[in-house]
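The structure appears right after this line, and notes come after that.
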Amino acid sequence: QERSCRLSAALLGEDCEISHEQLYELLKYAALGKCHNAAQPSWCRIHHQSHLAGVVLVVLHEMSQVHFYRFYLQFKHLRRVFRHRFTLTPSANFLTSLYGEGTDTDLRPQSTAQGLTSTSSDCVTKSSDLQCDPIIRRYGEKKRGLTSYTLTLEEQKKNDYPIKGSPGCKDYISTECDQQRTDSSPLFGLDCEMCLTAKGNEVTRVSLVDAQGQCLLNELVKPESTVRNYRTRFSGVTRKMLLPVKTRLSDIQTRLKKMLPHDAVLVGHSLNADLQALEMIHPSVIDTSLLFARDEGRRFKLKFLAKAVLGKEIQCEQKLGHDPTEDARAALELAQFFIEQGPAKVAELNLEMLLAAEKLAEVSQNKAALQSQGCEVEKQLNEPPHLSKPCFLDCLQVTGQKPLLLGRQGLDSSSLCQSNLSTSNKQILQRALEDVPLSTFSIIQFSLGPEYIASHLHAGLHEKVRSKLTDMLTIYAGPFEESFCLKSVKKEFGRCGPIQSLTVVTETFQPYVCVQYEVLEAAQLAVESLNGAEVAGSCIKVQRAVTAAMLDCDVLIKELELDVENEGVIYVAGLKKSLTETDLQEEFSHLKDLETLFLPKDPQSGKHRKCCFLKFQKSQSAVDALEAINGWTIKGSELRSRNALASGHLWRWIWQMNHSNGKQGKHIFYEQMEQLSDCEQDLRKKMKKLDDHIKKLYRSLQNNTLCVVLFPGVNSTHRSQPGLGLMGIKTDGGRSPC
Numbered sequence: 032q033e034r035s036c037r038l039s040a041a042l043l044g045e046d047c048e049i050s051h052e053q054l055y056e057l058l059k060y061a062a063l064g065k066c067h068n069a070a071q072p073s074w075c076r077i078h079h080q081s082h083l084a085g086v087v088l089v090v091l092h093e094m095s096q097v098h099f100y101r102f103y104l105q106f107k108h109l110r111r112v113f114r115h116r117f118t119l120t121p122s123a124n125f126l127t128s129l130y131g132e133g134t135d136t137d138l139r140p141q142s143t144a145q146g147l148t149s150t151s152s153d154c155v156t157k158s159s160d161l162q163c164d165p166i167i168r169r170y171g172e173k174k175r176g177l178t179s180y181t182l183t184l185e186e187q188k189k190n191d192y193p194i195k196g197s198p199g200c201k202d203y204i205s206t207e208c209d210q211q212r213t214d215s216s217p218l219f220g221l222d223c224e225m226c227l228t229a230k231g232n233e234v235t236r237v238s239l240v241d242a243q244g245q246c247l248l249n250e251l252v253k254p255e256s257t258v259r260n261y262r263t264r265f266s267g268v269t270r271k272m273l274l275p276v277k278t279r280l281s282d283i284q285t286r287l288k289k290m291l292p293h294d295a296v297l298v299g300h301s302l303n304a305d306l307q308a309l310e311m312i313h314p315s316v317i318d319t320s321l322l323f324a325r326d327e328g329r330r331f332k333l334k335f336l337a338k339a340v341l342g343k344e345i346q347c348e349q350k351l352g353h354d355p356t357e358d359a360r361a362a363l364e365l366a367q368f369f370i371e372q373g374p375a376k377v378a379e380l381n382l383e384m385l386l387a388a389e390k391l392a393e394v395s396q397n398k399a400a401l402q403s404q405g406c407e408v409e410k411q412l413n414e415p416p417h418l419s420k421p422c423f424l425d426c427l428q429v430t431g432q433k434p435l436l437l438g439r440q441g442l443d444s445s446s447l448c449q450s451n452l453s454t455s456n457k458q459i460l461q462r463a464l465e466d467v468p469l470s471t472f473s474i475i476q477f478s479l480g481p482e483y484i485a486s487h488l489h490a491g492l493h494e495k496v497r498s499k500l501t502d503m504l505t506i507y508a509g510p511f512e513e514s515f516c517l518k519s520v521k522k523e524f525g526r527c528g529p530i531q532s533l534t535v536v537t538e539t540f541q542p543y544v545c546v547q548y549e550v551l552e553a554a555q556l557a558v559e560s561l562n563g564a565e566v567a568g569s570c571i572k573v574q575r576a577v578t579a580a581m582l583d584c585d586v587l588i589k590e591l592e593l594d595v596e597n598e599g600v601i602y603v604a605g606l607k608k609s610l611t612e613t614d615l616q617e618e619f620s621h622l623k624d625l626e627t628l629f630l631p632k633d634p635q636s637g638k639h640r641k642c643c644f645l646k647f648q649k650s651q652s653a654v655d656a657l658e659a660i661n662g663w664t665i666k667g668s669e670l671r672s673r674n675a676l677a678s679g680h681l682w683r684w685i686w687q688m689n690h691s692n693g694k695q696g697k698h699i700f701y702e703q704m705e706q707l708s709d710c711e712q713d714l715r716k717k718m719k720k721l722d723d724h725i726k727k728l729y730r731s732l733q734n735n736t737l738c739v740v741l742f743p744g745v746n747s748t749h750r751s752q753p754g755l756g757l758m759g760i761k762t763d764g765g766r767s768p769c
């Protein structure tokens with residue numbers, strides 16, 4: 032009997048933004064499983080991975096989250112099939128950042144009688160001409176002092192370093208190392224190991240080494256919240272190790288403040304993650320993952336750099352987890368090597384070629400191992416891989432599986448893939464229907480065409496979505512008496528949810544109020560519960576503005592309620608700010624089949640918004656809870672609730688759209704709107720056609736196939752739009768389960 036695979040993920044609110052590294056985790060585990068040392072992704076779980084029939088990745092080229100919500104009604108199949116959705120961090124080169132494609136073919140290494148060498152490209156072959164190396168482009172060739180390699184404030188912001196006064200860092204502790212840095216300032220290596228708790232990433236171990244590599248601190252730390260995953264494979268920390276530990280994060284913060292001199296420079300590999308977990312702010316850092324610069328925002332791993340630059344083996348597989356002291360010392364020595372030798376010497380190491388050679392050696396070892404077991408290996412293994420090709424594509428090839436890549440002309444391909452370049456989406460679909468069932472890993476790319484990816488069209492779509500969301504979040508109520516109490520009106524409407532703004536409309540004969548909410552559910556709840564009610568001594572009417580863009584608002588609200596992402600999710604308003612997440616967990620604990628509670632917080636202040644979302648395992652349990660909660664009182668506050676409309680990643684995105692300010696001139700904006708209006712009807716047809724293509728492809732898939740659809744987003748010097756991912760495992764019913 033065929034065993035069903037299942038996908039589970041708690042993608043609510045702040046947990047909905049997924050990086051390309053996290054997406055890569057999912058694809059790698061789905062394609063390879065435990066038999067090739069791939070680990071379950073940290074943000075979702077595939078149950079019975081060994082029974083997966085295949086993996087299909089559909090990429091909608093140059094499209095973003097904006098496209099999905101601007102043409103939401105056209106994407107009927109996508110919103111009714113894929114329950115799991117997430118915001119995807121945009122990338123400057125999506126294909127490169129995800130699976131190593133799109134790399135210039137001239138940069139591929141070639142096999143020769145002398146071994147692995149580069150191609151005829153001047154930027155790669157001539158050691159005397161290093162001008163094209165990203166390290167030289169960034170730092171020049173001359174040696175500099177250490178202060179030239181510390182991150183600027185802008186670089187820290189860009190790379191998510193905790194900064195004083197920035198959102199989410201309100202309660203962070205400063206190291207108070209605010210003395211002017213010089214090239215003789217002391218360096219300290221820092222590394223932390225983390226576990227996953229109800230709060231997020233929390234520190235379990237901290238190591239600090241001085242400039243001579245002497246260990247100053249190597250301490251286990253007990254997390255404040257309940258541990259969900261010790262990540263022992265990486266951290267080396269187990270539940271048993273932490274049982275006797277009394278040290279808390281506050282103790283470590285105090286010790287670090289005392290240990291670090293006022294002009295200390297901290298060194299680490301992706302040090303932002305360590306400082307975020309430590310909840311500490313330090314003004315002067317050297318990040319070795321950025322110091323050894325690469326193209327397209329990619330980064331070398333610490334393990335590779337330690338071996339290639341220092342000749343040291345770290346993070347050995349024989350050990351249980353990483354040694355933070357070893358990692359801190361390695362990062363420190365890498366920074367010291369870079370400063371002492373200078374950028375030119377580092378560039379001459381040709382790290383990209385060393386990495387390619389290392390990967391080729393890994394593939395050859397895997398090939399030999401399989402041949403010794405009598406397994407057949409395809410001829411393409413004799414060809415070297417792309418630079419920086421993620422290893423799971425190599426491993427697929429080694430195990431006799433050949434990834435399939437289908438896309439339009441101009442999409443670069445690899446000898447590791449079966450590639451077909453087509454001229455239309457229809458041709459791509461036809462080939463996919465034929466070839467996808469024969470492949471265990473397929474990447475299908477559809478595109479709108481170059482005429483629809485101009486920057487002004489993206490800006491116009493973004494503005495239209497923002498404008499429509501604002502209209503949907505805004506309600507008008509009245510009429511009121513001339514001397515009505517505005518405070519009591521705000522209090523009554525505030526019971527429906529968080530208010531962005533409330534103003535009095537004076538252009539009418541009698542006063543009205545205009546209320547803009549922060550969440551769609553609050554505005555809809557106000558329309559449903561307060562229309563015809565008596566507020567501030569007046570029987571009022573509550574409605575949204577009637578504009579051309581809002582004529583289909585009721586249809587859109589209904590479709591959002593039917594959206595599979597909102598199945599089994601309800602919205603609850605009227606919470607007092609004094610209530611904590613723990614309080615609410617206790618209050619709602621008796622509700623049957625309650626799976627997740629999400630308490631939205633202001634991304635800037637960190638305070639919750641006096642509303643929450645409850646997700647239930649079964650839809651009927653959500654219906655029952657809805658009836659039970661309406662009119663319920665918690666600590667003197669009467670609750671109001673309704674079905675969710677934007678419970679997942681959309682909530683945070685609405686908040687960001689609501690707080691964004693356009694900086695372009697009006698004449699440019701109106702020009703963009705006019706150009707967009709000319710082609711928007713055509714775009715609607717194309718989006719519906721894309722939805723139909725994906726529907727046909729999805730229906731053709733075998734049961735137990737993981738399907739991921741990506742709107743990859745846009746990230747360039749002209750614009751940046753987050754992407755959107757939808758995923759599910761095909762079942763007998765055609766819809767992805769849970």
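Just so it is clear: in the sequence shown, position 631 is 662 by this note's numbering, and no numbers are missing.
Quick reminder that beta carbons are idealized off the backbone N, C-alpha and C, glycines included.
Since this is a predicted model, take the numbers as computed values, not measurements.
Requested in this report: Assign Asn597 to buried or exposed, taking buried as 16 or more other Cβ atoms, counted over all protein chains shown, within 10 Å of its Cβ.
Outcome: buried
Query raised in the report: Which class does Asp191 belong to by DSSP, given the choice of helix, strand or coil?
Result: coil
Query raised in the report: Are at least three pairs of beta-carbons, each pair with one atom in the region 543-556 and one in the region 499-519, less than 8 Å apart?
Result: With a cut-off of 8 Å, the region 499-519 and the region 543-556 count as touching, because enough Cβ pairs lie within range.
Query raised in the report: Going by the beta-carbon positions, is the gap between Glu556 and Gly528 smaller than 8 Å?
Result: The residue asked about is misnamed: residue 556 is Leu in this sequence, not Glu. Yes; because the gap between Cβ atoms is below 8 Å, this pair is in contact.
Report task. Please determine if the region 610-623 and the region 568-582 are in contact, where contact requires at least 3 C-beta pairs separated by less than 8 Å. Result -> no
**Report entry** DSSP-derived helix/strand/coil call for Arg462
**Finding:** Helix.
**Report entry** Rounded C-alpha distance that separates Gln580 from His98
**Finding:** The question names Gln, but residue 580 is Ala in the sequence shown. Those two C-alpha atoms are separated by around 16 Å.
Query - Distance cut-off 7 Å: Arg526 Cβ against heavy atoms of the ligand GTP - result: The ligand GTP is not part of the structure shown, which contains no ligands of any sort.
Report task. Go to Leu556, then tell me how far its beta strand (DSSP E) extends in each direction, as first and last residue. Result -> No beta strand (DSSP E) holds Leu556; the alpha helix (DSSP H) holding it covers 551-561.
Query raised in the report: Can you tell me whether Lys641 is buried or exposed, with buried defined as 16 or more other CB within 10 angstroms of its CB?
Result: buried
Query raised in the report: So, using beta-carbon positions, are Phe369 and Tyr180 closer together than 8 Å?
Result: Yes, these two residues count as a Cβ contact at 8 Å.
Query raised in the report: Which whole-angstrom value describes the C-beta separation of Cys226 and Pro198, a residue pair presumed to lie in contact below a C-beta threshold of 8 Å?
Result: The Cβ separation is near 24 Å, so there is no contact.
Query - Cβ-Cβ distance between Ser89 and Ile530 below 8 Å - result: According to the sequence provided, residue 89 is Val. The question's Ser does not apply to it. No.
Query raised in the report: So what does Arg236 bridge to, in DSSP terms?
Result: Bridge partners of Arg236: Glu224, Leu251.
**Report entry** Cβ neighbour criterion (16 or more within 10 Å) applied to Gln635
**Finding:** Residue burial is scored here from C-beta neighbours: Gln635 has fewer than 16 other C-beta atoms within 10 angstroms and is therefore classed as exposed.
Requested in this report: Quick one: grab the DSSP three-state call for Glu310.
Outcome: Three-state result, Glu310: coil.
**Report entry** Among Lys457, Ala361, Val566, Ser478, nearest to Val520 - alpha-carbon criterion
**Finding:** Val566
**Report entry** Between the CA atoms of Gln53 and Val86 - distance to the nearest angstrom
**Finding:** 16 Å
Report task. Whole angstroms is fine: what's the gap from Leu380's alpha carbon to Gly171's? Result -> Answer to the nearest angstrom: the Cα atoms are 16 Å apart.
Query - Assigned exposure category for Asp713 - 16 Cβ within 10 Å defines buried - result: exposed
Query - Proximity to Gln733 [Cα-Cα], best of Val467, Gln307, Phe477 - result: Val467
Requested in this report: Please go through the same chain and pick out, in chain order, the residues whose beta-carbon is closer than 8 Å to the beta-carbon of Arg76, but skip the five residues on each side of it.
Outcome: Leu38, Ser39, Ala40
Query raised in the report: Span of the beta strand (DSSP E) holding Phe113?
Result: Per DSSP, Phe113 belongs to no beta strand (DSSP E) and is neither H nor E.
Query raised in the report: Shortest alpha-carbon distance to Ala61 belongs to which of Glu513, Leu628, Gly196, Ser473?
Result: Of all alpha-carbon atoms in Glu513, Leu628, Gly196, Ser473, the one lying nearest the alpha-carbon of Ala61 is that of Ser473.
Query raised in the report: Where Ala324 and Thr228 are concerned, what is the direct C-alpha to C-alpha distance, given to the nearest angstrom?
Result: 32 Å
Query raised in the report: What residues in its chain sit with their C-beta under 6 Å from that of Val550, if we drop five residues either side in the sequence?
Result: Gly528
**Report entry** CA-to-CA distance, Gln307 to Gln187, given in whole angstroms
**Finding:** 12 Å
Query raised in the report: According to DSSP, which residues form a beta bridge with Gln476?
Result: Secondary-structure assignment with DSSP links Gln476 through a beta bridge to Val90.
Query - Touching by the beta-carbon criterion (3+ pairs, under 8 Å), the region 203-210 and the region 243-263 - result: no
Query - Whole-angstrom distance between Ala84 and Pro314, CA atom to CA atom - result: Computed Cα separation, rounded: 50 Å.
Query raised in the report: Should His115 be labelled buried (16 or more other beta-carbon atoms within 10 Å of its own) or exposed?
Result: buried
**Report entry** For Thr471, the three-state DSSP class (helix, strand or coil)
**Finding:** coil
Report task. Assuming Phe742 contacts Leu302 (C-beta within less than 8 Å), just tell me the rounded distance between them. Result -> Rounded, the Cβ-Cβ distance is 31 Å, inconsistent with contact.
Query raised in the report: Roughly how many whole angstroms lie between the Cα atoms of Glu512 and Asp633?
Result: Rounded to the nearest angstrom, the two C-alpha atoms are 34 Å apart.
Query raised in the report: For Ser320, which residues from the same chain have a beta carbon less than 6 Å from its beta carbon, with the 5 sequence-adjacent residues on both sides left out?
Result: His300, Ser301, Arg330
Requested in this report: Mind reading off the beta-carbon distance from Ser650 to Gly599? Whole number of angstroms is fine, and I expect it under 8 Å.
Outcome: Right, their Cβ atoms sit about 5 Å apart.
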